[in-house]
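Q:
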Amino acid sequence: MTTNNKRWAWVMTIGAVLCGATSPAQAARVEADLAAISDAMLASIHELRTLAALATSADPHVAARARLRLRDAGPAGLAAFSELHADAIAAALRPQQPGALARMLGLSSGTGQSAAQVQLLETLDDICAQKDCAPAGLYWYTDLEQAKAAARASNKPIVSLRLLGDLRDELSCANSRFFRALLYPDPAVANLLRGDFILHWQSERPAPKITIDFGDGRSIESTITGNSAHYVLDRDGNPVDVLPGLTTPAAFIADLQRAGFLARSSAGLAPAARLAALREHHAARLVELDRQFNRELAAIGQPPRRVGADGRLEAAPRAGRAAPLAVSKAMIEVPMLGALGEDVERLSDEELWTRLAQARLAEVQLAPASLELLRKQQWRSGDLSQDAADFEQALAELRRAVALDTVHNQFDLHRRIHGWFAAASTAPELAALNQRVYGELFLTPRSDPWLGLAAPTIYTGLVGGGRRVQARL
574 MTTNNKRWAW
584 VMTIGAVLCG
594 ATSPAQAARV
604 EADLAAISDA
614 MLASIHELRT
624 LAALATSADP
634 HVAARARLRL
644 RDAGPAGLAA
654 FSELHADAIA
664 AALRPQQPGA
674 LARMLGLSSG
684 TGQSAAQVQL
694 LETLDDICAQ
704 KDCAPAGLYW
714 YTDLEQAKAA
724 ARASNKPIVS
734 LRLLGDLRDE
744 LSCANSRFFR
754 ALLYPDPAVA
764 NLLRGDFILH
774 WQSERPAPKI
784 TIDFGDGRSI
794 ESTITGNSAH
804 YVLDRDGNPV
814 DVLPGLTTPA
824 AFIADLQRAG
834 FLARSSAGLA
844 PAARLAALRE
854 HHAARLVELD
864 RQFNRELAAI
874 GQPPRRVGAD
884 GRLEAAPRAG
894 RAAPLAVSKA
904 MIEVPMLGAL
914 GEDVERLSDE
924 ELWTRLAQAR
934 LAEVQLAPAS
944 LELLRKQQWR
954 SGDLSQDAAD
964 FEQALAELRR
974 AVALDTVHNQ
984 FDLHRRIHGW
994 FAAASTAPEL
1004 AALNQRVYGE
1014 LFLTPRSDPW
1024 LGLAAPTIYT
1034 GLVGGGRRVQ
1044 ARL
């Protein structure tokens, strides 16, 4: 316990003794009086470093008030806490080594920290407004007007994350959890977000959760459906681009840099000039994405084609049937068939996206901080060798999923967003754009409170189809 924390604990103890509380009612009054005294003392403290020390106080009231003060101080409050506790945070993030008994019994290492480390990381999460904040150290505004004020003061654009659920909760939607684990801890991503943007998040709606109870004390709880998007806004909160879903860190950085440049260059323009700048940028991105898509198709032995406005690939051209059956042979034969004017049979949409993703696997590079977080969150069986094998398999499957998400989001969802901007007759407003993204792209419109999970046309054998509505105050 630090010197400052000990002083606060002594103040509380001495106060209780001097007040001589002898009944529950008196004790409650004493507690309220001491809380008021501590609030007054904290209000007189303006040095962020002192508040950073008190934020891990043994007294819960003092710690909570100090955390709130640091949160209200914005990124400076986060910086003060992170700098003061840098060594302790680094120690809390280090992998836990199995003890002597665990090694003797062949058990895998535990995933938990000490009580002090848990408090430290939870305090950091409170100040950041993000679960698992420590690997990235990003400060998120939860009020868009405050974010816009900070953006105007710093002349920076805004990255506004929309998600299902709460970014501070472990069970926010799956995409937001992947952002916390795979994107934000990447040093290049974190440095770009921290240095060039003001960050904000807002919940679109609660994240739907499902619990499987095995009836013997074991259960699995997770979220289902839902998607997330990063909206890039200029300093006044006007949207210039939307980055849908999950991509590799490298692709995310490239998209952020392009959108950030557009946000800065178009800020302050007259409405007509801003609309022209947006349309020009997004029209150019459409052309470049089509070129890139066809380059990647050619690399896997497929003829050119387009992704339609509905996300489906265009109909297959006349095809040569034999060449694609073996990939190595196709690499030789496809160019010759093309030279003879013979088109090659297209793969199914699913096969094509999978092939494109497979070619992108080398781009899925996860930062060490991400890998450590994944190891920390891994289910542990107690068998060291089995755990290691399971982790490697899970990591391989995750990398394939990220590659597949990347090609889908770039060449389908983001391409459609570029098309909206390029064809717009007026500059999009954030609320209307968000409604369109969730309604048309993510297929989870606000008009469907059940998110497509309770179709009235399907009989389930349950009263009301199993739906339950619980009133909430």
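One point on numbering: in our numbering, the residue at position 164 of the sequence shown is 737, and numbering is uninterrupted. Each residue gets a CB set at the ideal place from its N, CA and C atoms; glycine is no exception.
Would you check if there are 3 or more beta carbon pairs closer than 8 Å linking the segment 967–974 to the segment 768–780?
A: At 8 Å Cβ cutoff, the stretches do not touch.
Q: I need the straight-line Cα distance from P633 to A663, nearest angstrom please.
A: By 1-based counting over the sequence shown, the position of residue 633 is 60. By 1-based counting over the sequence shown, the position of residue 663 is 90. Cα to Cα, P633 sits roughly 23 Å from A663.
Q: Skipping 5 residues on each side, what residues in its chain have a beta carbon closer than 7 Å to that of A856?
A: Indexing the sequence shown from 1 puts residue 856 at position 283. Cβ neighbours of A856 beyond the five flanking positions: A995.
Q: If you drop the 5 nearest sequence neighbours on each side, which residues of the same chain put their C-beta closer than 6 Å to that of Y1032?
A: The residue given as residue 1032 occupies position 459 in the sequence shown. Cβ within range, chain order: n/a, list empty.
Q: K949 to D786, Cα distance in whole Å?
A: Here residue 949 refers to the residue found at position 376 of the sequence shown. Here residue 786 refers to the residue found at position 213 of the sequence shown. Each residue's Cα considered, the two are about 24 Å apart.
Q: Using CA coordinates, which residue listed in R667, T623, A689, A631 is at the minimum distance from L657?
A: Taking the first residue of the sequence shown as 1, we reach residue 657 at position 84. It is T623 whose Cα lies nearest to the Cα of L657.
Q: Using 8 Å as the threshold, is the C-beta distance between L742 and K782 below it?
A: Sequence index remark: in the sequence shown, residue 742 carries index 169 (1-based). Sequence index remark: in the sequence shown, residue 782 carries index 209 (1-based). It is worth fixing the name first, because residue 742 is Asp in this sequence and not Leu. Contact flag unset, no.
Q: I'd like to confirm something about F834: is its beta-carbon nearer than 7 Å to some heavy atom of the ligand COA, or not?
A: The ligand COA is not part of this structure, which contains no ligands at all.
Q: Throw me the rounded Cβ distance for the V880 and R988 pair, which I believe falls under 8 Å.
A: Here residue 880 is taken as the residue at index 307 of the sequence shown, counted from 1. Here residue 988 is taken as the residue at index 415 of the sequence shown, counted from 1. The pair is a contact, with the Cβ atoms about 6 Å apart (cut-off 8 Å).
Q: Do L694 and G650 have their C-beta atoms closer together than 8 Å?
A: Position 121 of the sequence shown, counting from 1, holds the residue named residue 694. Position 77 of the sequence shown, counting from 1, holds the residue named residue 650. Taking 8 Å as the Cβ cut-off, L694 and G650 do not qualify as a contacting pair.
Q: Write down every uninterrupted run of the alpha helix (DSSP H) in the segment 934–962 whose length is 4 residues or greater and which is fully enclosed by it, in chain order.
A: Listed in chain order, they are 941–950.
Q: Following the continuous alpha helix (DSSP H) through Q775, name the residue where it begins and the one where it ends.
A: As a working mapping, residue 775 is identified with position 202 in the sequence shown. First-last for Q775: 771–778, but that is the beta strand (DSSP E), not the alpha helix (DSSP H).
Q: Would you mind sorting D956 into buried or exposed? The rule is 16 or more other CB atoms within 10 Å of its CB.
A: Within the sequence shown, residue 956 is the residue found at index 383, counting from 1. Flag for D956 reads exposed.
Q: For the segment 967–1041, which segments carrying the alpha helix (DSSP H) assignment without a break, of at least 4 residues, lie completely within its bounds, in sequence order?
A: 987–996, 1003–1009, all fully within the segment 967–1041.
Q: Can you tell me the Cα-Cα spacing of W952 and E945, whole angstroms?
A: Here the question's residue 952 lines up with position 379 in the sequence shown. Here the question's residue 945 lines up with position 372 in the sequence shown. Distance between the alpha carbons of W952 and E945 is about 14 Å.
Q: With DSSP as the reference, please indicate the residues paired to R735 in a beta bridge.
A: As a position in the sequence shown, residue 735 is number 162, starting the count at 1. Answer is Q775, A802, bridged to R735.
Q: Going by C-alpha to C-alpha distance, which of G992, Q690, A637, L772 sits closest to V860?
A: Reading the sequence shown from its first residue, position 287 is the one you call residue 860. Nearest of G992, Q690, A637, L772 to V860, Cα basis: G992.
Q: Quick one: using the 10 Å Cβ neighbour count with 16 as the cut-off for buried, is H619 buried or exposed?
A: The residue labelled residue 619 in the question sits at position 46 within the sequence shown. With fewer than 16 other Cβ atoms within 10 Å, it is exposed.
Q: Quick check: the Cα distance between Q983 and Q719, rounded to an integer number of angstroms?
A: To locate residue 983, count along the sequence shown from 1; it is residue 410. To locate residue 719, count along the sequence shown from 1; it is residue 146. Approximately 31 Å, taken between the alpha carbons.
Q: Could you have a look at I662 and say whether DSSP puts it in helix, strand or coil?
A: Indexing the sequence shown from 1 puts residue 662 at position 89. Three-state DSSP puts I662 in a helix.
Q: Determine contact between the segment 695–702 and the segment 637–652, defined as no fewer than three beta-carbon pairs at a distance below 8 Å.
A: Short answer: they touch.
Q: For I990 versus L929, is the C-beta distance shorter than 8 Å?
A: Looking up residue 990 in the sequence shown gives position 417. Looking up residue 929 in the sequence shown gives position 356. No, they are not a contact pair.
Q: With DSSP run on the structure shown, which of helix, strand or coil describes S795?
A: Position 222 of the sequence shown holds residue 795. If DSSP states are grouped into helix, strand and coil, S795 belongs with the strands.
Q: Under the DSSP definition of a beta bridge, which residues are partnered with K782?
A: As a working mapping, residue 782 is identified with position 209 in the sequence shown. In the DSSP output, where bridge partners are listed per residue, K782 has T796.
Q: Between which two residues does the alpha helix (DSSP H) containing D814 stretch?
A: Taking the sequence shown and counting its residues from 1, the one referred to as residue 814 is at position 241. Per DSSP, D814 belongs to no alpha helix (DSSP H); it is in the beta strand (DSSP E), 812–817.
Q: Give me the residue from A871, N1007, A661, G710 with the minimum Cα distance to S687.
A: For the purposes of this step, residue 687 is taken as residue 114 along the sequence shown, with counting starting at 1. Looking at the Cα atoms, A661 is the closest of the given residues.
Q: Beta-carbon separation of L816 and A836 under 8 Å?
A: One-based indexing of the sequence shown puts residue 816 at position 243. One-based indexing of the sequence shown puts residue 836 at position 263. No, the pair does not count as a contact, with Cβ atoms beyond the cut-off.
Q: How would you write the range of the alpha helix (DSSP H) that D922 sits in, first residue to last?
A: Start at 1 with the first residue of the sequence shown, and residue 922 comes out as number 349. 922–932 is the span of the alpha helix (DSSP H), which, as asked, contains D922.
Q: Who are the Cβ neighbours of R735 in its own chain at under 7 Å, not counting the five residues just before and after it?
A: In the sequence shown, counting from the first residue as 1, residue 735 sits at position 162. Answer for R735: Q775, E777, S801, A802, Y804, N1007, listed in chain order.
Q: Using 8 Å for Cβ pairs, my map puts L756 next to W713. What's the rounded Cβ distance?
A: Residue mapping note: residue 756 aligns to position 183 of the sequence shown, counting from 1. Residue mapping note: residue 713 aligns to position 140 of the sequence shown, counting from 1. 14 Å between Cβ atoms; not a contact.
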